[in-house]
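Residue numbers (the working numbering), protein chains in the order written: chain P, 1 to 253; chain S, 254 to 558.
What follows is a short report on a single structure.
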């Protein structure tokens with residue numbers, strides 16, 4: 001088998017006395033869609049922040065495309081081909097939809113600027129369903145449209161790895177289906193994706209593999225259906241004494 | 254380049270030419286000196302907004318660079334040719350800004366504001382200490398063979414340069430990077446912008462113009478000491494003029510500088526004993542009534558963005 005696209009070795013992040021991510025080992029191969037699951041506060045977003053360089057590791061190493069990136073700054077990691085969205089959606093509120101995407105196009109290697117960038121940005125907006133919002137200030141967009149815009153900006157970087165932090169949270173059922181379809185189309189193009197997600201429907205529909213964290217530690221790693229049936233995982237989500245019925249609901253949701 | 258941009262550059266050139274010829278028709282030194290003040294603050298506010306407008310890092314260090322520029326002239330004015338003095342001021346301003354920028358632009362928000370104010374005070378105190386303990390003379394006379402008209406033309410050239418540069422930067426990726434940083438620095442780094450390099454570069458560029466403006470202005474005073482060259486009101490007035498006009502727009506700072514220089518001139522002539530109080534009132538009124546600047550107000554009235 002080929003070398004993994006992304007590899008975390010014993011990655012640890014401490015905040016004072018709290019160990020948010022504890023000796024996490026994780027491998028991600030090109031083309032995989034990995035779900036990173038776990039209860040609130042289990043360290044999923046922190047793990048994502050470590051990969052994107054938003055936070056430095058306290059210990060351990062991260063390799064991307066065979067290169068150690070643990071000491072890299074976020075802008076270097078972004079240029080290597082890691083793009084992300086944020087748990088609390090971050091758009092450039094005072095700039096138009098088109099300019100938001102242009103920001104993603106301009107600073108990657110072989111970046112685009114000017115007319116070529118506008119054309120490509122418009123195409124990306126249409127891809128995420130925002131074709132008619134190019135001139136709207138991003139701050140005036142609805143929540144779902146801001147999330148779409150964030151995804152278009154991430155795709156503008158032409159990433160090798162896309163990190164989605166609860167990108168499907170807070171959507172109504174119709175929007176959720178649209179979102180799942182959109183991400184599935186990215187997967188079909190061969191994009192490698194890691195998503196932190198609580199929406200089980202999306203996890204089942206999209207993820208080939210899941211990693212579950214609890215209190216900073218990886219407690220399960222394997223094919224989605226097996227992992228979600230794992231008693232340790234069910235215990236982490238629901239506590240010890242829950243009936244089998246509730247557990248089954250989670251698994252088959 | 255679009256037709257609209259060409260028109261802008263054309264109008265700019267005509268305005269520059271007109272302003273350059275203006276001293277020919279001006280009678281008396283008072284009007285000329287008033288125009289010099291207008292130009293000086295137009296340069297300072299535009300240079301300030303070059304960095305602070307898009308990034309929204311509020312700097313109160315304007316006078317630190319301005320005063321250092323003035324001292325370049327005071328110290329070197331009789332030793333070097335005039336162009337040499339300005340070149341030294343430029344280099345000193347850039348070096349100082351690079352050092353300060355690398356040390357402080359990691360600070361964000363209010364911490365940067367406080368630091369920049371502290372820098373201005375520190376620079377003033379260092380100069381005072383040097384003059385008191387080393388030269389044993391707090392003041393200096395500025396003897397340079399530069400007329401009022403020369404000052405006017407040099408400031409005008411400087412204003413044209415800083416406006417032209419800002420217009421060019423707005424067209425480039427650097428301009429986009431600055432706006433993204435101003436909107437959200439976390440997003441900026443995650444789309445691949447090296448924010449430290451961009452911020453330090455622009456801070457140095459802005460400081461270069463401010464320092465040279467200080468060097469050009471020094472001969473006008475004939476006598477300077479640290480409390481004149483490093484007067485904090487210069488930083489505050491620059492800030493409020495840029496805010497009044499709208500620091501995000503190219504001509505915003507000039508739009509703010511013109512009326513306020515005239516107003517401050519009127520106030521200081523008519524109420525010399527109460528000027529500081531009135532200055533404070535003007536600051537508050539501006540922040541209350543035009544929080545988005547005159548440019549923002551005009552755009553809203555015009556119905557467009």
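By construction, the Cβ of each residue, glycine as well, lies at the ideal position given by its N, Cα and C atoms.
In this structure, how does DSSP classify residue i when only helix, strand and coil are distinguished?
i: residue 305/S; result: helix
i: residue 168/P; result: coil
i: residue 352/S; result: helix
i: residue 150/P; result: helix
i: residue 552/S; result: helix
i: residue 189/P; result: coil
i: residue 279/S; result: coil
i: residue 446/S; result: coil
i: residue 310/S; result: coil
i: residue 242/P; result: Only weak support exists for where residue 242/P lies, its pLDDT of 47 falling under 50; the value from the coordinates is given anyway. Coil, per DSSP.
i: residue 102/P; result: helix
i: residue 485/S; result: helix
i: residue 109/P; result: coil
i: residue 557/S; result: Annotation note: pLDDT 42 at residue 557/S (below 50); position unreliable, no value reported.
i: residue 359/S; result: coil
i: residue 522/S; result: helix
i: residue 255/S; result: coil
i: residue 400/S; result: coil
i: residue 248/P; result: Caution is warranted here: a pLDDT of 49 is assigned to residue 248/P, below 50, making its placement in the model unreliable, and the coordinate value is therefore given only provisionally. Helix, per DSSP.
i: residue 158/P; result: coil
i: residue 131/P; result: helix
Which residue marks the beginning of the alpha helix (DSSP H) containing residue i, and which one marks its end?
i: residue 222/P; result: Taken as a continuous stretch (DSSP letters only), residue 222/P belongs to no alpha helix (DSSP H), being part of the beta strand (DSSP E) at 217-223.
i: residue 232/P; result: 231-238
i: residue 62/P; result: That residue, residue 62/P, is in no alpha helix (DSSP H); its beta strand (DSSP E) goes 59-64.
i: residue 51/P; result: 44-52
i: residue 535/S; result: 528-542
i: residue 502/S; result: Careful: residue 502/S lies outside any alpha helix (DSSP H) and carries neither H nor E.
Indicate whether residue i and residue j have their beta-carbon atoms separated by less than 8 Å.
i: residue 38/P; j: residue 214/P; result: yes
i: residue 159/P; j: residue 220/P; result: no
i: residue 13/P; j: residue 55/P; result: yes
i: residue 222/P; j: residue 22/P; result: no
i: residue 314/S; j: residue 509/S; result: no
i: residue 6/P; j: residue 161/P; result: yes
i: residue 548/S; j: residue 291/S; result: no
i: residue 10/P; j: residue 60/P; result: yes
i: residue 535/S; j: residue 516/S; result: yes
i: residue 397/S; j: residue 449/S; result: no
i: residue 91/P; j: residue 146/P; result: yes
i: residue 125/P; j: residue 98/P; result: yes
i: residue 16/P; j: residue 210/P; result: no
i: residue 137/P; j: residue 93/P; result: yes
i: residue 468/S; j: residue 342/S; result: yes
i: residue 345/S; j: residue 321/S; result: yes
i: residue 514/S; j: residue 294/S; result: yes
i: residue 546/S; j: residue 500/S; result: yes
Checking the sheet assignment: what are the DSSP bridge partners for residue i?
i: residue 35/P; result: 195/P and 210/P
i: residue 425/S; result: In the DSSP output, where bridge partners are listed per residue, residue 425/S has none listed.
i: residue 163/P; result: 84/P and 194/P
i: residue 68/P; result: 63/P
i: residue 137/P; result: 96/P
i: residue 477/S; result: 393/S
Could you list which residues in chain C have their beta carbon closer than 8 Å to that of residue i, in chain order?
i: residue 430/S; result: The structure shown contains no chain C; its protein chains are P and S.
Need the endpoints of the beta strand (DSSP E) that residue i sits in, please.
i: residue 7/P; result: 6-15
i: residue 331/S; result: First-last for residue 331/S: undefined, no H or E at that position.
i: residue 22/P; result: 18-28
For residue i, verify whether its CB is less than 7 Å away from any heavy atom of the ligand ADP.
i: residue 453/S; result: Among the components modelled here there is no ligand, and therefore nothing to report on the ligand ADP.
Less than 8 Å between CB atoms is the rule here; does residue i satisfy it with respect to chain P?
i: residue 433/S; result: yes
i: residue 439/S; result: yes
i: residue 436/S; result: yes
i: residue 446/S; result: yes
i: residue 442/S; result: yes
i: residue 359/S; result: no
i: residue 461/S; result: no
i: residue 556/S; result: For residue 556/S, the predicted structure reports a pLDDT of 47, less than 50, and the residue's modelled location is therefore unreliable. A value from the coordinates is still provided. Chain P contact via Cβ: absent.
For a cutoff of 8 Å on Cβ pairs, would you count residue i as touching chain S?
i: residue 94/P; result: yes
i: residue 113/P; result: yes
i: residue 70/P; result: no
i: residue 73/P; result: yes
i: residue 253/P; result: The pLDDT assigned to residue 253/P is 46, lower than 50, so where the model puts this residue is not dependable; a value taken from the coordinates is nonetheless given after this. No, no contact with chain S.
i: residue 157/P; result: yes
i: residue 102/P; result: yes
i: residue 90/P; result: yes
i: residue 153/P; result: yes
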